[in-house]
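Here's the structure, in structure tokens; my notes come after.
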């Protein structure tokens, strides 16, 4: 990693880190820069010991100060002080970087490439009205089915598109219900017959009619999580029935009604609440609670709360990122588990542990674990698809 590649602001951040005056935002910026590299590039020091690194840094600093000293004799002491100050900042940065490299390489005990856990991708199964199942993971791109006069097309960028003939020519389409399901480690996009686009997250399912033409309402059913970009149609509202598997004696089913808007619903069975987050437009939750943009309804099966939120954080998954902001560790681990199809074995009390950090969902799990260890005061050991977490 050439020194010229290091952003100048990181030198000051490193000095603040070592002095204890760094802010949380500066820490997050440092983490984001660190995690922007893949593992092969970040392993610059390999198995080099701390003492060897220190000797090499000292040699580098002394060499550069000596060169500066030659100029001092020809000018004045100002440049000497400037050189020493630069050296101190330089050493500060590399002290922090050594901490990152050393902790990332030693505390995360990952096996070699044979055990690398890759991120999720475009994987799903489509179930047609006649019960036929089509693996969208394996199906060739192009037309994959014809149903009641409607062509179902798979695109190479992970989308499912419904192309409908003129409405007079689609008998039975309104009664032909399809279901698309993503596994753990899967995601998919669906362009519904009315033009509504749905982004389906991992371990989720969406049930919908092959056509909305004969319907008064456009109704779909969701379990898991999805982001909706609803096509406008004032004559026919779009309704989402969020149906997480209810806990005993707790019905957490929810109805969201819209006409044309962008929103996210999180309705996983293993989450304590059903959350609806509005990005733009307006929605009605359970025919009673009205949401405005940048607000979220939180429903635990008994009570409904409306809270203000950062929609960028709530919908980061749809844009290909994890974005955790002081989030309880248990919730963070559930999200990671769904996307990487792994299980966590916890050998610590997570009750009061919260976590902040950002990382791309396109990276393998080592980048996520590295981020968690650096900012969450935890250690992880990977054994197959099981991750053992300790304090």
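Numbering (the numbering used here), first residue to last: 32 to 422.
Even for Gly, the Cβ is constructed at its ideal location relative to N, Cα and C.
Three-state class that DSSP yields for residue i in the structure shown
i, result
"residue 391", "strand"
"residue 336", "strand"
"residue 422", "coil"
"residue 229", "strand"
"residue 377", "strand"
"residue 360", "helix"
"residue 405", "helix"
"residue 371", "helix"
"residue 343", "helix"
"residue 53", "coil"
"residue 264", "coil"
"residue 235", "coil"
"residue 242", "coil"
"residue 206", "helix"
"residue 383", "coil"
"residue 154", "coil"
"residue 223", "coil"
"residue 184", "strand"
"residue 396", "helix"
"residue 253", "strand"
"residue 5", "With the chain represented from 32 up to 422, any question about residue 5 goes unanswered, as that position is not in the structure."
Nearest-angstrom Cα separation, counted from residue j out to residue i
i, j, result
"residue 229", "residue 384", "33 Å"
"residue 270", "residue 417", "38 Å"
"residue 409", "residue 380", "11 Å"
"residue 155", "residue 232", "10 Å"
"residue 223", "residue 167", "16 Å"
"residue 54", "residue 226", "45 Å"
"residue 43", "residue 333", "50 Å"
"residue 338", "residue 325", "9 Å"
"residue 393", "residue 194", "30 Å"
"residue 221", "residue 412", "37 Å"
"residue 342", "residue 179", "38 Å"
"residue 361", "residue 288", "31 Å"
"residue 312", "residue 331", "24 Å"
"residue 366", "residue 147", "19 Å"
"residue 459", "residue 399", "What is shown of the chain runs 32 to 422, which leaves residue 459 out entirely."
"residue 323", "residue 386", "28 Å"
"residue 244", "residue 327", "31 Å"
"residue 238", "residue 57", "44 Å"
"residue 284", "residue 163", "28 Å"
"residue 300", "residue 336", "19 Å"
"residue 319", "residue 181", "36 Å"
"residue 259", "residue 149", "27 Å"
"residue 161", "residue 401", "46 Å"
"residue 347", "residue 302", "18 Å"
"residue 356", "residue 272", "28 Å"
"residue 298", "residue 60", "31 Å"
"residue 454", "residue 169", "Absent from the structure is residue 454, since the part of the chain shown begins at 32 and ends at 422."
Nearest-angstrom Cβ-Cβ length linking residue i and residue j, presumed shorter than 8 Å
i, j, result
"residue 290", "residue 310", "Wrong, their Cβ atoms sit about 15 Å apart, outside the cutoff."
"residue 236", "residue 255", "6 Å"
"residue 376", "residue 419", "5 Å"
"residue 315", "residue 306", "That belief does not hold up - the Cβ atoms of residue 315 and residue 306 are roughly 16 Å apart, past 8 Å."
Cβ-Cβ distance between residue i and residue j below 8 Å
i, j, result
"residue 246", "residue 267", "yes"
"residue 219", "residue 173", "no"
"residue 159", "residue 176", "yes"
"residue 354", "residue 391", "no"
"residue 262", "residue 241", "no"
"residue 396", "residue 373", "yes"
"residue 345", "residue 292", "no"
"residue 23", "residue 234", "Residue 23 is absent from the structure shown; the chain starts at 32 and stops at 422."
"residue 388", "residue 403", "yes"
"residue 317", "residue 296", "no"
"residue 304", "residue 329", "yes"
"residue 151", "residue 371", "yes"
"residue 378", "residue 406", "no"
"residue 157", "residue 165", "yes"
Distance cut-off 7 Å: residue i Cβ against heavy atoms of the ligand MG
i, result
"residue 182", "Only the bare structure without any ligand can be found here, which leaves the ligand MG out of the picture."
Any C-beta of chain E under 8 Å from that of residue i
i, result
"residue 269", "Given the protein chain composition of this structure (a single chain), no chain E is represented."
Inset, instruction - Would you check if there are 3 or more beta carbon pairs closer than 8 Å linking the segment 211-220 to the segment 259-279? - result: The segment 211-220 makes no contact with the segment 259-279, as fewer than three CB pairs between them are under 8 Å.
Legend entry - Cβ pair count under 8 Å reaching 3, the segment 251-267 against the segment 176-192: The answer is no - the segment 176-192 does not touch the segment 251-267, with fewer than three Cβ pairs under 8 Å.
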